[in-house]
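In what follows, a single structure is set out as structure tokens and then discussed.
There are 2 protein chains.
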Amino acid sequence: MALDWEAIFATRAGRMRASEIRELLKLLEQPDIISFAGGIPDPALFPKEAFREAYASVLANGSAGAALQYSTSEGFPPLRDWIMRQMQALGVPCKPDNILITSGSQQALDYLGKLLLSPGDTALVTWPTYLGALQAFNAYEPRYDRLTPVHGNRTPAAYREAAAKAGGRVKFAYLTPDFANPTGETLDQEARERLLDLAGDLDIAVIEDTAYQSLRYDGKGVPSMLALDVARRGDIDATRTISCGSFSKTLAPGLRMGWICAASHVIRKLVLMKQASDLHSPTINQMAMHHVAEHAFAQQVEKVRSAYRHRRDHMLAALQRHMPEGVSWTRPEGGMFIWVTLPDHLDGAELLARAIETARIAFVPGRAFHADGTGGNTLRLSFSLASDEAIDEGIKRLGRVISEAL
Amino acid sequence: MALDWEAIFATRAGRMRASEIRELLKLLEQPDIISFAGGIPDPALFPKEAFREAYASVLANGSAGAALQYSTSEGFPPLRDWIMRQMQALGVPCKPDNILITSGSQQALDYLGKLLLSPGDTALVTWPTYLGALQAFNAYEPRYDRLTPVHGNRTPAAYREAAAKAGGRVKFAYLTPDFANPTGETLDQEARERLLDLAGDLDIAVIEDTAYQSLRYDGKGVPSMLALDVARRGDIDATRTISCGSFSKTLAPGLRMGWICAASHVIRKLVLMKQASDLHSPTINQMAMHHVAEHAFAQQVEKVRSAYRHRRDHMLAALQRHMPEGVSWTRPEGGMFIWVTLPDHLDGAELLARAIETARIAFVPGRAFHADGTGGNTLRLSFSLASDEAIDEGIKRLGRVISEAL
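Residue numbers (our numbering), protein chains in the order written: chain C, 1 to 406; chain A, 1001 to 1406.
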């Protein structure tokens, strides 16, 4: 492999880095490499028959004209209603005008960066955090400061002063409370409440990414940040939490469909932004997604959970067997990722180069997910695409590569 | 109707105005109103059977997994190839890396505003121009200056000095050379060459919107700005013209699918922007659109041309019969719109209010399309959705309403 590892991993987190990671993932798609790098759902689990029925139904004579025509920027009303009912079931009383359909949650993050950030403003994120969020926000030239919701954040004054010194204001906190990409970790209710306190003190928005929320394999669900915020304020229209959801991890990512649930005055601003940026998400996909959601969501979530739960368990067991002393990892209650921490003196990027050359296995080095370029001794393993055999063999080889590097 | 006309039309062109026009169009969707307001294609002409076959084929066992999965930001390679061949046939030698798939040409305009404009920079547009372009660009806070390509533009120095005085630089010229929305007018080759000269002198980009290019009903095609630019420079990668295309007016708008064709170094920047803003356009739609384009594009364009040609002719004949002295209008060689100029003292917005109240007919007042709020005595008529009977009766009523106002 003629990859320039230094060029790929030495830059500051940003536009180029995220795109380079994606380039890297493409390069790693070689048949003889066992890859735990890609963070994508298993296409074998997609509800293909339900989508076939949905598109056929949507393109039947009565509705084909509407499916192929322009539609409103807010989104297809029955789909907004379906999402509204889902949100209600998750403890968020809301109305259709609290919901905007977006082209994946990536578009939601882009819009929120555009809405909230001026150059030099501060966005609070965890170290590590979702790479696509950094990529979306970077277009609006923020500074990042660090949230540490588990161990206790800094004081509001400390965040405020650091932001002012950098010439801007703290504008929002972004986080994935459930089974985060890349760590797999879930915030407990107390940490969520403390984060709402901090956001209240700073008077900033909270952007909650719920992409993996439905993929819980065990343990008890924790109320979402938005549910907790509504419980405090009594009314979604009085909340500061903006919740970004997605069908990508439950039904399918190829339709690029997600949503934002938030106070209606926020949604109204985002609708104008949507109209200016792409008019609306594709009508036909919204109608088809509504059909599949109505007919197959619950079974599909059960199917996906069961498959990924098995893979997570299998990978955790393999790690237990094969990792040398001094290596630790997360035990996620859901999602797609396990986060591995190596002894301090090891570097994930160097390890990857060696792992590909000598063992034909791949993962994503953890530094990429850190806004400040730290995290060199970490790496992300995805179990969503791996067979039992690939996990057994791949984790065995990973253990060997790490042992040799120690 | 309890519409606040002053509020709707008195504001400066911008975000709110465009969205208000769209609100207005929704309000006008009443069964007893004959509307020439909406600028949308006729759903009766959509190639429904071809789309049915396309989605069934794409969701067949061999390809369903790929159709529902994530894909690359550049776009589905066979669709990029198809567009490349179309561009080549239109006199633009190019390669796949000169093509980016976008979510409609609206997204292309948004990206180009984001790529090229800083607040206070100048965008050159015609008065009137496409409302959606103003809406997309406004997010990046430009100043507008006026192109007059038919009668001769101002000098490069004049544009440059005005831009500097406003605290920015001229960044691009935007125009729809063929059958423009809203005027229906087409620029001759000489005007296109002059505009390329001006862009060269100013060293700015030219954004060419080709949304209606395939909808020519008579007269001889004029080479696109990009084709002329390539002819001058010898290589697309040396050109300054960025061409935005769309399937919305030929195949269907509900899939939100368009493209940008430009120098590969421009496309590379836009691919990173696409990745950060929504990862990629929906995989399934790109595959389905490719299928329909391969199997039905030529016949479909013929069918649409024939239907709209008839409606244009019918509306021009009705205008000839019913318009009072002092009213003039364009005779478009293609597209969907006829542009009517009233005597100076009449106001299109006032006339619309009266037309709805007393005659139950609707159109879009022309001031909305002018970046400076002029054009009060103009209006846009769309013939794309109207039956012969609606045209006969509606234009007769319009003539009466104008006569009464004179």
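Where a beta carbon is used, it is the ideal one built from N, C-alpha and C, also for glycine.
Note that the coordinates shown come from a computational prediction; the quantities given were computed from them, not determined experimentally.
- Sixteen is the threshold: since fewer than 16 other Cβ atoms of the shown chains lie within 10 Å of the Cβ of A/Val1150, the residue is exposed.
- Assignment of C/Ala173 by DSSP, reduced to helix, strand and coil, places it in the strand class.
- At a cut-off of 8 Å between beta carbons, C/Ser281 contacts chain A.
- Take the alpha-carbon of C/Ile33 and the one of C/Leu351: they are about 15 Å apart.
- Between C/Lys48 and A/Ala1288 the beta-carbon gap is near 15 Å, outside 8 Å, which marks them as no contact.
- For the pair A/Thr1341 and A/Trp1329, the Cα-to-Cα distance works out to about 6 Å.
- Taking all protein chains shown into account, C/Leu59 has 16 or more neighbouring C-beta atoms within 10 Å of its C-beta and is therefore buried.
- Cβ-Cβ separation between C/Ala108 and C/Gly348: approximately 29 Å, too far for a contact (criterion under 8 Å).
- Residues of the stretch 62 to 78 of chain C whose Cβ lies closer than 9 Å to any Cβ of chain A, in chain order: Ala64, Gly65, Ala66, Ala67, Leu68, Gln69, Tyr70, Ser71, Thr72 and Ser73.
- Taking each of A/Phe1036, A/Phe1046, A/Ala1050 and A/Ala1386 in turn and checking the Cα distance to A/Glu1294, the smallest one comes out for A/Ala1050.
- Taking A/Gly1113 as the centre and dropping the five residues before and after it, the same chain places the C-beta of Ala1136, Phe1137 and Tyr1140 closer than 6 Å to its C-beta, in chain order.
- Residue A/Leu1215 holds the alpha-carbon nearest to the alpha-carbon of A/Phe1337 among A/Ala1166, A/Pro1078 and A/Leu1215.
- In the pairwise beta carbon analysis, the stretch 301 to 318 of chain C is classified as touching the stretch 387 to 399 of chain C: at least three pairs are separated by under 8 Å.
- Residue A/Leu1272 holds the alpha-carbon nearest to the alpha-carbon of A/Leu1115 among A/Leu1272, A/Pro1365, A/Leu1346 and A/Lys1303.
- Residue C/Ser224 holds the alpha-carbon nearest to the alpha-carbon of C/Met87 among C/Ala163, C/Val364, C/Ser224 and C/Ile356.
- Taking a Cβ-Cβ cut-off of 7 Å, the neighbours of C/Gly104 in chain A comprise Asp1278 and Leu1279, given in sequence order.
- Among the CB atoms of chain A, one or more fall inside 8 Å of the CB of C/Tyr55.
- Using a Cβ-Cβ cut-off of 8 Å, A/Ala1390 does not count as an interface residue toward chain C, since no Cβ of chain C sits closer than that to its own.
- If you compare the alpha carbons of C/Ala166, C/Gly184, C/Gly104 and C/Ala276 with that of A/Leu1131, the shortest gap goes to C/Ala276.
- Between the beta-carbon of A/Ile1207 and that of A/Tyr1174 there is about 4 Å, and that keeps the pair under the 8 Å contact cut.
- Annotation for A/Gly1258: the continuous beta strand (DSSP E) segment containing it runs Gly1258 to Cys1261.
- Every beta strand (DSSP E) of 3 residues or more that sits fully in the stretch 1111 to 1135 of chain A is shown, in chain order, as 1122 to 1126.
- When CB distances to chain C are screened at a threshold of 7 Å, the residues of the stretch 1084 to 1116 of chain A falling below it are Ser1103, Gly1104, Gln1106, Gln1107 and Asp1110, in chain order.
- For A/Pro1253, the neighbours in chain C by C-beta distance under 7 Å run, in chain order, Gln69 and Tyr70.
- Per DSSP, C/Leu187 lies in no beta strand (DSSP E) and is assigned neither H nor E.
- For A/Phe1337, the enclosing beta strand (DSSP E) starts and ends at Phe1337 to Thr1341.
- Between A/Ala1362 and A/Arg1400, the beta carbon gap of about 15 Å keeps them out of contact (Cβ cut-off 8 Å).
- Secondary structure of A/Asp1218 (DSSP, three-state): coil.
- Contacts with chain C (Cβ-Cβ distance below 8 Å) from the stretch 1119 to 1147 of chain A involve Gly1132, Gln1135, Ala1136, Asn1138 and Ala1139, listed in chain order.
- Per the coordinates, the alpha-carbon of C/Gln286 lies some 45 Å from the alpha-carbon of A/Arg1321.
- For A/Ile1356, there is no enclosing beta strand (DSSP E), as DSSP marks it with neither H nor E.
- Chain A places no beta carbon closer than 8 Å to that of C/Lys165, leaving this residue out of the contacts.
- Pairing A/Gly1075 with A/Ile1260, the inter-Cα distance amounts to about 11 Å.
- Distance between C/Val292 and C/Ala54, taken at the CA atoms: about 6 Å.
- At the C-beta level, A/Ser1243 and A/Leu1226 come within 8 Å of one another.
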